[in-house]
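Asker:
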Amino acid sequence: MMNVMVLGGAGMLGSELVKSLKIAGHRVISLGRKNCDHNLDCLDFDALKVVIEVERPNVIVNCIAIVNLSTCEEDKSLAHDTHFHLSRFLADFKDVYNIYISTDSVYSGSAGLWKEIDEPNPVNYYAKSKLEGERPVLNSLGLVLRTNLYGFNNDLDGNSLFEWAYKSLACGEEIEGYDNVLFNPLSVTQLSNLICRVLDIDKPPQGIIVNTGSNQMLSKYEFVNYIAKLFNPYDIEIRKGTLKGGDLVRPMNTSLNITKMKEIFNCDYDIYQGIEELIRRVK
Numbered sequence: 250m251m252n253v254m255v256l257g258g259a260g261m262l263g264s265e266l267v268k269s270l271k272i273a274g275h276r277v278i279s280l281g282r283k284n285c286d287h288n289l290d291c292l293d294f295d296a297l298k299v300v301i302e303v304e305r306p307n308v309i310v311n312c313i314a315i316v317n318l319s320t321c322e323e324d325k326s327l328a329h330d331t332h333f334h335l336s337r338f339l340a341d342f343k344d345v346y347n348i349y350i351s352t353d354s355v356y357s358g359s360a361g362l363w364k365e366i367d368e369p370n371p372v373n374y375y376a377k378s379k380l381e382g383e384r385p386v387l388n389s390l391g392l393v394l395r396t397n398l399y400g401f402n403n404d405l406d407g408n409s410l411f412e413w414a415y416k417s418l419a420c421g422e423e424i425e426g427y428d429n430v431l432f433n434p435l436s437v438t439q440l441s442n443l444i445c446r447v448l449d450i451d452k453p454p455q456g457i458i459v460n461t462g463s464n465q466m467l468s469k470y471e472f473v474n475y476i477a478k479l480f481n482p483y484d485i486e487i488r489k490g491t492l493k494g495g496d497l498v499r500p501m502n503t504s505l506n507i508t509k510m511k512e513i514f515n516c517d518y519d520i521y522q523g524i525e526e527l528i529r530r531v532k
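Converting from the sequence shown to the numbering used here requires adding 249 to each position, the first position being numbered 1.
1. Start and end of the beta strand (DSSP E) containing Ser279?
2. With a threshold of 8 Å on Cβ separation, who are the neighbours of Ile487 within its own chain once the five nearest residues in sequence on each side are excluded?
3. Buried or exposed: where does Pro500 fall if 16 or more other Cβ atoms within 10 Å of its Cβ makes it buried?
4. On the three-state DSSP scale, how would you describe Leu405?
5. Determine the extent of the beta strand (DSSP E) in which Gly495 is found, giving its start and end residues.
6. Which residue spans inside the stretch 412-479 form an unbroken alpha helix (DSSP H) run of at least 4?
7. Return the chain-ordered list of same chain residues with a C-beta closer than 6 Å to the C-beta of Pro371, the five sequence neighbours on each side being excluded.
8. On the DSSP bridge assignment, give the partners of His329 in chain order.
9. Which residue marks the beginning of the alpha helix (DSSP H) containing Ile366, and which one marks its end?
10. Kindly indicate which residue of Asp341, Val300, Gln455, Ser468 has the alpha-carbon position closest to the one of Leu256.
11. From Asn252, Leu431, Lys268, pick the residue whose C-alpha is nearest to that of Gly490; which is it?
Given below as structure tokens:
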């Protein structure tokens, strides 16, 4: 059993990870603004330091991120503090193993099936600041997990792709999915399972990046369309669309090569099973 601290413990990933870690037999300490064991602003480093020194975690999993691209572009200081300065602060605790949840968006999106050795080339400030946050973790011999996630927030206020599609279908609203944006995401349950696998290893990998994802690469249209096959009370037809350039630049193909993930953690994840499981849970 380990003492595992989860930052962002009430968020979409964090709340699921807390459950999975407890089931796996770990002692879990959740931190976040609300509904956590310690309710605080994790950018208040003085308060955060006190909690870490009192709880003495073996592992810290940093799930905190500002995923709204507009917010990151409009408030670069906040994005930098959240993604880099927090990561650097956590890296200073030398007896703690840090796991940092990064993003597939660190790659340019010009190709696909990106490998860990491929040169990052982020196209927006969200991804740039997330990439900067990787460095302190790697330097402190922690683990960086690059990924793309889908799930459902407990407070129902989230607006991830899955949440947006599900809520729109529940209300009978017409929706459109982009057929030129490609990814191979994990559900929050699948990534939580993977993190538990990391902690099961006698000597978890240190100072490395691992790309994590599902076996299948889908377009956003295919992803949304599969949700509609499972949950579509108003029989809405999903429109096929194309993402075009705009004020917010997004990478077009962030699918990840997951060979390293399978080799190290002996796992693989099916995107269709992940969606099906999530639909069953939120219906």
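The beta-carbon is built from N, C-alpha and C at its ideal position, and this holds for glycine as well.
Since the model is a prediction, treat every value here as computed from it, not as a measurement.
Answerer: Judging by the given coordinates:
1. 276-281
2. Ile424, Glu425, Gly426, Tyr470, Val473, Asn474, Ala477
3. buried
4. Note that Leu405 scores 49 on pLDDT, short of 50, meaning its location in the model is unreliable; the coordinates nonetheless yield the value given after this. Reduced to three states, the DSSP call for Leu405 is coil.
5. No beta strand (DSSP E) holds Gly495; DSSP gives it neither H nor E.
6. 437-449, 469-479
7. Val355, Lys377, Leu380
8. Answer is none; His329 lacks a bridge partner.
9. Here Ile366 belongs to no alpha helix (DSSP H), and DSSP marks it neither H nor E.
10. Val300
11. Leu431
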